[in-house]
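Novice: Sending over a structure as structure tokens; questions will come in a sec.
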Amino acid sequence: MTNIESEPTVRSETVFSGRLIEVRKVTVRLPNGATTEREIVVHPEVIAVLPLLDDGRIVLVRQFRKATERVLLEVPAGGVDDGETPEDAVRREMIEETGYRVGSVKQLSSFYTSPGFTTELMHLYEARDLQPGDATEETDQIEVVLMTPEEALQRVESDEAADAKTLLALKYAVASQ
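Numbering (the working numbering) for the sequence shown: 9 to 185.
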């Protein structure tokens, strides 16, 4: 097994700071002594939820995503606010995006969404004992969609469900059947 060495930071500069992200240009020293630059998007922790109804259906959301210029079918997700635990974020995001109140929560996994350029760490949770209610989201157009895991997997094949968090969540959904 090869010994992979770290890349010490020589210099770091914030080149953009927005409401949601920060972009840093980082100069690193490679093991051979040379230097190179890395561009890193600094993003806070986020959560994604696999919401399972008692009958086995999954609560999904359909929404327009500007970055992809298309409507995608996804599991609910969102940021972890300051002073909030990921589990708190699960409960809040479920109400905001779907209106469902969550009874029980179980963490399934944590993963970096794209470690080649972003610090974003996503926590994937399963939510059960759901009670329907009214969604409170005011800034996004969201359609709540209920599907069996099999129906959701068909949407993967048709490319409507095409993001990594949803694909991973659906793998857990099928495995838990």
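Don't be surprised by glycine CBs; every beta carbon is placed ideally from N, CA and C.
Using DSSP with H/G/I as helix, E/B as strand and the rest coil, what is T106?
Specialist: Note: T106 maps to helix in three-state DSSP.
Novice: Where are the alpha helix (DSSP H) runs, 4 residues long or more, that stay fully inside the region 105-142, in chain order?
Specialist: Qualifying alpha helix (DSSP H) stretches: none in this window.
Novice: Run through DSSP, which three-state label would R197 get?
Specialist: As displayed, the chain neither begins before 9 nor continues past 185, which places residue 197 out of reach and without an answer.
Novice: Only counting the same chain, and skipping five residues up and downstream in sequence, which positions put a Cβ closer than 6 Å to that of I150?
Specialist: Contacts found: V69, Q71 and E105.
Novice: Could you give the distance in angstroms between the alpha-carbon of Y108 and the alpha-carbon of A97?
Specialist: Cα to Cα, the separation comes out at about 13 Å.
Novice: Apart from the five residues just before and just after V18, which ones in its own chain have a Cβ nearer than 7 Å to its Cβ?
Specialist: These residues qualify, in order along the chain: T35, V36, R37 and T43.
Novice: How long is the line joining the alpha carbons of T174 and V83, rounded to whole angstroms?
Specialist: T174 and V83: Cα-Cα distance of roughly 5 Å.
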